[in-house]
Structures are given as structure tokens and as C-alpha cells.
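Here's the structure, in C-alpha cells; my notes come after.
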Amino acid sequence: MEDILGEIISLSEKKKKDEMNKRNDKKGTEYDGKSVSDGSKNKKGNSDYYKKKRRESYVKDDDTINICDASTVCTIDDDINIEKVNIFSKIIKNNKSKSSEQYFKDVEKNINENTPLFFNNGNTLNTYLLTVNEINTSISNIYTNIDKINVIKKKIELNIYDNEKLYSKINVIIKNSEDIITCIKEKINKLNAENNAFEENSNMISEIKLRVNIFIDIVNKYKNCINKYKNICNQYYEHVNKNIIKHYKLIHPNLSDHSIHKLLKQNNHNMEEFLNINKNAYKNNVMCFTNIDQLEIDKIKEKYNELKNLEKNIAGLNELYIELAYVIKKRKNLINNIENNVFQVKEYTEDALHNIAEAKRYNKMIKQKILYFSLFLLIIAFIILFPVFFNYSHF
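Here the UniProt record's numbering is used: position 226 in the sequence shown is 226, and no number is missing along the way.
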């Protein structure tokens with residue numbers, strides 16, 4: 001700052017010296033026609049010189065204000081003021097650039113739309129909502145698999161021969177769906193644990209209700225998805241069951257449907273024993289096998305294993321559906337308890353406010369009674385003591 005002031009002072013002194021020299025030169029000149037013409041030329045030259053200098057200064061600094069234009073005659077003080085404005089504008093520009101670099105450095109660095117809102121605590125509402133979004137995406141994938149199973153099942157019904165590739169595709173889709181269901185179940189258990197931890201460590205009733213409502217909504221979506229997936233698995237189970245019965249009848253036409261269903265209800269060991277039985281062996285000769293095709297036996301074994309896997313999956317889906325219903329009921333009870341507690345707190349608050357208002361009114365009434373009683377005592381004392389003072393003044 002001292003350097004700037006020194007520069008301004010030196011500039012002003014230089015301008016004053018130039019002005020004094022010009023005045024001395026004017027006194028020594030003669031005022032004839034020639035001198036007048038020469039003086040006019042000098043003035044024009046000086047004015048052109050100052051105009052040129054001012055134009056150069058305006059070109060260097062675009063932010064300065066045009067104090068003097070072509071129609072005005074500027075003095076030396078005006079030139080000094082222009083130089084001051086240029087110098088201070090440079091100072092302000094430098095300070096702005098430095099301050100902006102200092103205060104706005106690395107703002108919004110490495111931040112995009114996927115950056116979490118909070119970094120300090122892992123159990124935040126933002127991470128909770130991200131997990132819910134992942135569950136929604138997984139549920140949509142299950143619905144996509146359901147549509148694929150329906151399409152392939154219709155192709156199998158239309159095509160009589162060579163459906164093994166289609167069956168294998170359905171098995172792959174079912175395996176993928178089971179993995180997704182397991183993953184969603186783990187995430188729901190994680191959300192449930194987060195809710196329990198947040199309820200124990202936080203007093204934010206509004207966020208607790210928000211979390212529970214979101215949890216109930218996502219679990220209901222998952223329940224509906226599980227229900228549809230279970231229905232499509234039941235349909236496919238019936239289809240596989242009919243296919244096995246058809247293969248049994250190809251092996252032995254005399255085998256009744258009741259006997260086949262009874263056999264399918266047995267465990268895997270009995271099934272293997274039945275399929276590997278000798279030609280003349282099946283207990284009391286109800287049915288016998290002659291020239292059993294080993295390929296058909298392998299197909300029946302494969303379909304039987306597929307059927308048992310479907311039974312296991314459907315049983316697991318039923319248990320999961322019941323478990324989800326219990327979780328939703330528990331969370332709804334929690335919401336009801338929270339709302340009841342909120343209503344009770346509201347009633348207690350209203351009662352407390354009513355009691356406070358009654359206490360204030362009673363306190364005000366007591367103060368008024370004390371004031372009136374004090375005034376009454378003062379009046380009585382004045383009536384009693386006034387004659388005494390009056391008689392004492394006469395004596």
C-alpha cells in the first residue's frame with residue numbers, strides 16, 4: 001500500500017513540474033501573429049498528446065470510466081485522477097483474483113450426483129434410501145424373470161418335441177431369481193437392523209416414522225413380488241408334474257395316476273430304488289417294467305429332481321411370505337405406538353398449558369386480593385390515625 005501511495009505522489013509531483021515549466025515558457029514568448037499561430041499549434045499538439053495518452057490508458061484498462069471525452073478539455077488534475085483510478089482498479093482486480101482463489105479453491109471437487117449427502121455417519125437416511133433403491137431395482141429384475149418364465153412356458157406348451165433347452169433356460173432363470181430373493185432378504189434384514197439401532201439411539205420421531213413407512217412400503221412391494229413369483233413357480237410345478245406323469249406312462253402304460261402321485265410324494269431314495277428296479281419287481285406285482293429305456297429313466301430322474309427343487313423353493317417362499325407379514329405387523333405396531341405416544345405427549349402438553357394458564361390466573365387473582373386488602377388496611381389506618389394527628393397539631 002505504501003508503494004502505491006508513493007507512486008501516486010510521485011506522479012502528481014511530476015505533473016505539477018510539467019505545468020510550471022509550461023507556464024514559464026508561455027511568459028517568455030512574444031505575442032505576434034507568428035507566435036500566436038505557433039502557440040495554437042503547440043496547444044493542438046499538447047491536446048493531441050494528452051488525448052493519445054488517455055486513449056492508451058483506456059485501451060490498457062477496460063474497466064475504467066471515461067471521465068473526459070473528445071468534446072471536453074481535461075486539466076492536469078483530471079489526468080492525475082484518471083491515473084489514480086487505473087492504479088486502484090488494478091489493485092482491486094488483483095485482490096479479487098487472490099481472494100477468489102483463496103476462498104473458492106477446491107469447491108465441489110470430486111462431487112457428482114452419486115455423492116452421498118453425509119460422510120460422517122454410516123447410518124444416515126441417505127444410505128438408507130440408497131439401499132431401498134437397490135431393493136426396488138432387484139424387485140424389478142424378479143418381475144422381468146417372471147415374464148421370461150411365462151414366455152418360455154408358453155413356448156413349451158406349443159412345442160411338443162425337444163423342449164430340454166427351454167427347460168434348462170427356465171431352471172437358470174429360477175436359480176437367478178432365487179439368488180435375487182436371497183439378496184433382497186439380506187438387505188431387508190439390514191434395513192430392519194438399521195431401524196432398530198436408529199430407534200434406540202435417536203429421539204427424532206419424524207425420521208423414525210419416515211423410515212418405518214418406507215420400510216413397510218418396500219416390504220409390501222417385496223411381498224407382492226414374492227406372491228407372483230410363487231404363483232408362477234406353482235404353475236411351472238404343475239407343468240413339470242404332468243410331464244413326469246407322461247414319462248411314467250411312456251415307460252409303463254398300465255401305471256395309474258394315483259400310483260404315480262403317491263410315488264412322487266416319496267423321498268429321493270425310494271424314487272431311485274423305483275427307477276432302478278428289475279423287470280419283474282414291484283412289490284405285489286401291481287406293475288411290472290419290461291424293456292425300460294434308460295434315456296427315459298434319466299429324464300424322469302432329472303424332472304423329479306427339478307420338481308423337488310421347486311417344492312423346496314415354494315416352501316421357502318411361503319415361509320418368507322409369513323416372515324414378511326410378521327415384520328410388517330411388528331412395524332405397524334411400532335408406528336401405532338409412536339403415534340399413540342405422540343398423542344399422549346400432545347394431551348399432556350395441552351393439560352400442562354391449561355394448568356399453567358390456571359396457575360397464572362390464580363396468581364393474578366391472589367395478587368389483586370393482596371392489593372385490595374393492603375389498600376383497605378391503609379384506609380383504616382388513615383381513618384384511625386388522622387384524628388390523632390389533627391388533635392396533636394392543635395396542641
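For glycine and all other residues, C-beta sits at the position ideal for the given N, C-alpha and C.
When the Cα atoms are used, what is the spatial distance from residue i to residue j?
| i | j | result |
| --- | --- | --- |
| I383 | N391 | 13 angstroms |
| A315 | S206 | 38 angstroms |
| N241 | E311 | 11 angstroms |
| I146 | N243 | 21 angstroms |
| R331 | A193 | 12 angstroms |
| N163 | I173 | 16 angstroms |
| P387 | I370 | 27 angstroms |
| A357 | L385 | 42 angstroms |
| I139 | N159 | 30 angstroms |
| L191 | K230 | 24 angstroms |
| E178 | I152 | 18 angstroms |
| S168 | L125 | 42 angstroms |
| L378 | E347 | 46 angstroms |
| R361 | L375 | 21 angstroms |
| K17 | N86 | 22 angstroms |
| K175 | I328 | 27 angstroms |
| N150 | N309 | 19 angstroms |
| I380 | N363 | 26 angstroms |
| I245 | Y236 | 14 angstroms |
| Y222 | H354 | 47 angstroms |
| E199 | I366 | 47 angstroms |
| F389 | Y372 | 25 angstroms |
| K228 | T182 | 16 angstroms |
| T349 | A359 | 15 angstroms |
| N203 | A197 | 12 angstroms |
| E186 | D351 | 46 angstroms |
| C68 | M20 | For C68, the pLDDT reaches just 47, beneath the cut-off of 50, and the residue's location in the model is therefore unreliable, although a value from the coordinates is still provided. Using only the alpha carbons, I get a separation of about 23 angstroms. |
| V59 | L130 | With a pLDDT of only 44 at V59, under the threshold of 50, the placement of this residue in the model should not be trusted; the figure read from the coordinates follows. Rounded to the nearest angstrom, the two C-alpha atoms are 57 angstroms apart. |
| H239 | Y326 | 32 angstroms |
| N224 | N201 | 32 angstroms |
| T137 | E319 | 23 angstroms |
| residue 465 | N195 | Since the displayed the chain opens at 1 and closes at 395, residue 465 lies outside it and no answer follows. |
Assuming residue i is part of the alpha helix (DSSP H), what are its boundary residues?
| i | result |
| --- | --- |
| N171 | E164 to N201 |
| residue 397 | Outside the shown range of the chain (1 to 395) lies residue 397, about which nothing can therefore be said. |
Helix, strand or coil for residue i per DSSP?
| i | result |
| --- | --- |
| N234 | helix |
| M20 | helix |
| M204 | coil |
| I292 | The pLDDT assigned to I292 is 47, lower than 50, so where the model puts this residue is not dependable; a value taken from the coordinates is nonetheless given after this. Three-state result, I292: coil. |
| I384 | helix |
Write down the C-beta distance between residue i and residue j rounded to the nearest angstrom, noting that I regard them as a contact closer than 8 angstroms.
| i | j | result |
| --- | --- | --- |
| V219 | L324 | 5 angstroms |
| Y128 | R211 | 6 angstroms |
| I208 | V132 | In fact, because the Cβ distance is near 16 angstroms, the residues do not count as touching under 8 angstroms. |
| Y321 | I226 | 6 angstroms |
| I188 | I135 | 7 angstroms |
| K148 | L166 | K148 to L166, Cβ: 11 angstroms. No contact. |
| I170 | N141 | Not really, about 16 angstroms apart at Cβ, beyond 8 angstroms. |
| N333 | C233 | Not quite, the Cβ-Cβ distance comes to about 31 angstroms (not below 8 angstroms), so this is no contact. |
Can you find a C-beta in chain C that's less than 7 angstroms from the C-beta of residue i?
| i | result |
| --- | --- |
| E157 | Although the question refers to chain C, the structure presented lacks it and comprises just one protein chain. |
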